[in-house]
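Trainee:
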């Protein structure tokens, strides 16, 4: 399935030049989300990466990671944990700030979202420079969880984000 799926993704993802700033070519996955077949196949592929492995929680990174992460969590019979921007979670949080390819950001988790020794998969739509994913890994570890892997729909391999992660990385489509 993955070769056909990769081809379909390449045909559907839209390049948006100079977004969010000049010189960046944004990989827009909203046309992918509009396709029930592609959305289903991405979730099935992602969950299949962890077949037979115990997974307690799936962390979805704001915001498109919520879309994929929640669906993957249901297939893995795991809980879903949203990693959010500051001020969006209503309970006590732990946070980390990090650099992006075009700025900086902060990510938060509820302090009670991950229990010690929980096995966690982190899901997001795109791996770029690795800052967001590394921040999510850091937050899970601060709460005592073990990161099984990070799983992405798209990886911008030329930006080297994988090199910032000391956990397995599973990407469906690598540019």
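Residue numbers (this note's numbering): 3 to 177. Note that beta-carbon positions come from the ideal geometry of N, C-alpha and C, so glycine has one too. These numbers were taken from a predicted model, which means no experiment stands behind them.
#1: Check whether the stretch 61-69 touches the stretch 117-126, counting contact only when three or more Cβ pairs, one atom from each stretch, lie closer than 8 Å.
#2: By the three-class DSSP mapping on this structure, what secondary structure does residue 24 have?
#3: What are the start and end residues of the alpha helix (DSSP H) that includes residue 198?
#4: Would you call the stretch 38-52 and the stretch 97-117 in contact, with 3 or more CB pairs under 8 Å?
#5: Among 36, 20, 166, which one has its Cα closest to the Cα of residue 130?
#6: When you compare each of 115, 162, 154 to residue 141 by their alpha carbons, which one comes out closest?
#7: From residue 42 to residue 63, what distance separates their C-alpha atoms?
#8: Just checking my contact of residue 133 with residue 100 at CB under 8 Å: how many whole Å lie between their CB atoms?
#9: Is DSSP giving residue 4 helix, strand or coil here?
#10: Report yes if the CB atom of residue 88 is closer than 8 Å to the CB atom of residue 55, and no otherwise.
#11: Expressed to the nearest angstrom, what Euclidean distance is found between the alpha-carbon atoms of residue 73 and residue 61?
#12: With residue 120 and residue 168 assumed to form a contact (beta carbons below 8 Å), what rounded beta-carbon distance in angstroms separates them?
#13: Determine the extent of the beta strand (DSSP E) in which residue 126 is found, giving its start and end residues.
#14: Just curious, the alpha helix (DSSP H) that residue 68 is in, first and last residue?
#15: Is the beta carbon of residue 112 closer than 8 Å to that of residue 2?
#16: What are the boundary residues of the beta strand (DSSP E) that residue 133 is part of?
#17: If I follow the unbroken beta strand (DSSP E) through residue 48, where does it start and stop?
Mentor: Result, derived from the coordinates:
#1: Contact between the stretch 61-69 and the stretch 117-126 is present, because at least three Cβ pairs lie under 8 Å.
#2: Sequence index remark: in the chain shown, residue 24 carries index 22 (1-based). DSSP places residue 24 in coil when its eight states are reduced to three.
#3: Absent from the model: residue 198. The displayed extent of the chain is 3 to 177, so no value can be given.
#4: no
#5: Sequence index remark: in the chain shown, residue 130 carries index 128 (1-based). The shortest C-alpha separation from residue 130 is found at 166.
#6: Looking up residue 141 in the chain shown gives position 139. Of 115, 162, 154, the residue nearest in Cα terms is 115.
#7: By 1-based counting over the chain shown, the position of residue 42 is 40. By 1-based counting over the chain shown, the position of residue 63 is 61. Rounded to the nearest whole angstrom, the C-alpha separation of residue 42 and residue 63 is 19 Å.
#8: For the purposes of this step, residue 133 is taken as residue 131 along the chain shown, with counting starting at 1. For the purposes of this step, residue 100 is taken as residue 98 along the chain shown, with counting starting at 1. Indeed, because the Cβ distance is near 4 Å, the residues count as touching under 8 Å.
#9: Within the chain shown, the letter at position 2 stands for residue 4. In this structure, residue 4 counts as helix in the three-state DSSP scheme.
#10: Taking the first residue of the chain shown as 1, we reach residue 88 at position 86. Taking the first residue of the chain shown as 1, we reach residue 55 at position 53. The answer is no: Cβ separation not under 8 Å.
#11: Your numbering for residue 73 matches position 71 in the chain shown. Your numbering for residue 61 matches position 59 in the chain shown. Those two C-alpha atoms are separated by around 11 Å.
#12: Here residue 120 is taken as the residue at index 118 of the chain shown, counted from 1. Here residue 168 is taken as the residue at index 166 of the chain shown, counted from 1. Not quite, the Cβ-Cβ distance comes to about 18 Å (not below 8 Å), so this is no contact.
#13: Here the question's residue 126 lines up with position 124 in the chain shown. Its beta strand (DSSP E) spans residues 121-129.
#14: Counting from 1 along the chain shown, the entry for residue 68 is found at position 66. From DSSP, the alpha helix (DSSP H) with residue 68 extends over 66-78.
#15: With the chain represented from 3 up to 177, any question about residue 2 goes unanswered, as that position is not in the structure.
#16: As a working mapping, residue 133 is identified with position 131 in the chain shown. Per DSSP, residue 133 belongs to no beta strand (DSSP E); it is in the alpha helix (DSSP H), 133-144.
#17: Here residue 48 is taken as the residue at index 46 of the chain shown, counted from 1. From DSSP, residue 48 is part of no beta strand (DSSP E) but of the alpha helix (DSSP H) over 38-50.
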